[in-house]
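J.:
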Amino acid sequence: MTPSAATTYTLTCTGAGGSASQSVTVTVGTTPPSTYTLTVSPTTVASGGSLTVSWTAPSGRPTTDWIGLYAVGVPHTSYLSYQYTQGAASGSLPFTAPTSPGQYEVRYLLENGYTVAATSSPVTVGQDTSPT
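Using the numbering used here, the letters of the sequence shown map in sequence onto residues 3 to 134.
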């Protein structure tokens with residue numbers, strides 16, 4: 003069965019030991035909004051330049067949630083640097099851009115682990131072109 007409207011459906015499971023039923027409400031056609039957001043500014047920066055990472059998260063998050071800086075596409079365990087959110091529901095943190103040119107991103111990770119709740123858009127790090 004494919005539900006076509008938000009309503010209450012009764013689901014019944016039957017097996018060798020008998021059957022059981024449970025009423026549940028199924029909501030169709032909507033996706034809850036993400037409760038985590040993550041942005042980086044600027045989106046293009048010289049190597050070693052300054053980045054500002056801003057986030058929002060649900061209130062009551064533990065102090066062990068953290069934000070990590072990554073090269074795009076690497077595993078969650080391969081962060082370049084990180085900072086804890088200290089349980090704040092929103093805020094901004096300074097990061098230093100890597101010295102190697104390339105595409106980077108930041109990820110919001112949960113409870114000192116590697117479960118990602120949000121990922122930023124890519125940041126382009128270029129070579130420093132200031133005169134020496």
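Yeah, the Cβ is synthetic: ideal placement off N, Cα and C, and Gly gets one too.
Ordered along the chain, which non-local residues of its own chain (more than five positions away) have a Cβ less than 8 Å from that of E113?
T.: Here residue 113 refers to the residue found at position 111 when the sequence shown is read from its first residue. For E113, where only same-chain residues beyond five positions count, the Cβ hits under 8 Å are P64, T66, D67.
J.: Assuming L71 contacts S52 (C-beta within less than 8 Å), just tell me the rounded distance between them.
T.: Your numbering for residue 71 matches position 69 in the sequence shown. Your numbering for residue 52 matches position 50 in the sequence shown. About 12 Å; that fails the 8 Å criterion.
J.: Taking Cβ to Cβ, would you say L135 is nearer than 9 Å to V125?
T.: Residue 135 cannot be examined here, being either before or after the span of the chain that is shown, 3 to 134.
J.: Would you kindly work out how many angstroms separate the C-alpha atoms of G128 and V76, rounded to a whole number?
T.: Here residue 128 refers to the residue found at position 126 when the sequence shown is read from its first residue. Here residue 76 refers to the residue found at position 74 when the sequence shown is read from its first residue. Approximately 19 Å between the Cα atoms of the pair.
J.: Hey, quick one: how far does the beta strand (DSSP E) through P96 stretch, first residue to last?
T.: Within the sequence shown, residue 96 is the residue found at index 94, counting from 1. 92–98 is the span of the beta strand (DSSP E), which, as asked, contains P96.
J.: What would DSSP say about A18, mapped onto helix, strand or coil?
T.: The count along the sequence shown starts at 1 and reaches residue 18 at position 16. DSSP places A18 in coil when its eight states are reduced to three.
J.: Give me, in chain order, the residues of the same chain whose beta-carbon lies closer than 6 Å to that of T32; leave out the 5 immediate sequence neighbours on both sides.
T.: In the sequence shown, residue 32 corresponds to position 30, counting from 1. The predicted model places T32 with a pLDDT of 46, which falls under 50 and marks its position as unreliable, so this point remains unresolved.
J.: What is the DSSP secondary structure of P60, reduced to helix, strand or coil?
T.: Here residue 60 corresponds to residue number 58 of the sequence shown, with the count starting at 1. In the structure shown, P60 sits in coil (DSSP, three-state: anything other than H, G, I, E or B).
J.: Between which residues of its own chain and Q85 is the CB-CB distance below 7 Å, once the five residues before and five after are set aside?
T.: Position 83 of the sequence shown holds residue 85. If we look at Q85 and ignore the five residues flanking it on each side, its Cβ neighbours are W68, I69, L95.
J.: Which residues mark the beginning and the end of the beta strand (DSSP E) in which Q105 is found?
T.: For this step, residue 105 is matched to residue 103 along the sequence shown. Its beta strand (DSSP E) spans residues 104–112.
J.: Cα-Cα, which of S122, P60, V42 is closest to S92?
T.: By one-based count along the sequence shown, residue 92 stands at place 90. Closest by alpha carbon: P60.
J.: Are the CB atoms of T37 and T58 within a distance shorter than 9 Å?
T.: Residue numbering aside, residue 58 sits at position 56 when the sequence shown is read from its first letter. Residue numbering aside, residue 37 sits at position 35 when the sequence shown is read from its first letter. In this structure, T37 lies closer than 9 Å to T58 by Cβ.
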